[in-house]
Amino acid sequence: MEFGIFSNGYTPGPAAHDSESEHTELLREAEYAILADKHNWKYIW
1 MEFGIFSNGY TPGPAAHDSE SEHTELLREA EYAILADKHN WKYIW
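Per full-length UniProt numbering, numbering through the sequence shown is continuous, rising by one, with the last residue being 45.
What follows is the structure, given as structure tokens:
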């Protein structure tokens with residue numbers, strides 16, 4: 001069985017217009033991808 005993660009990078013509400021919030025969300029999504037790779041998850045979209 002292969003596992004994957006769907007990563008949408010969504011920043012809701014007023015935070016969507018704040019570049020710092022977008023940057024923080026991007027880093028969080030990258031962290032999820034790294035953790036998924038460490039645990040042998042095959043895909044991230």
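No residue lacks a Cβ here, since even glycine has one placed at the ideal position from N, Cα and C.
Spell out the partners DSSP gives residue i in its beta bridges.
{"i": "Gly4", "result": "Tyr43"}
Given this structure, state the Cα-to-Cα distance separating residue i from residue j, to the nearest angstrom.
{"i": "Phe6", "j": "His17", "result": "23 Å"}
{"i": "Glu20", "j": "Glu31", "result": "17 Å"}
{"i": "Glu25", "j": "Pro12", "result": "10 Å"}
{"i": "Ala15", "j": "Ala36", "result": "26 Å"}
Between the Cα of residue i and those of the options, spot the shortest distance and give me the residue it belongs to.
{"i": "Arg28", "options": "Asn8, Glu2, Met1, Phe3", "result": "Asn8"}
{"i": "Tyr10", "options": "Glu2, Lys38, Ala36, His23", "result": "His23"}
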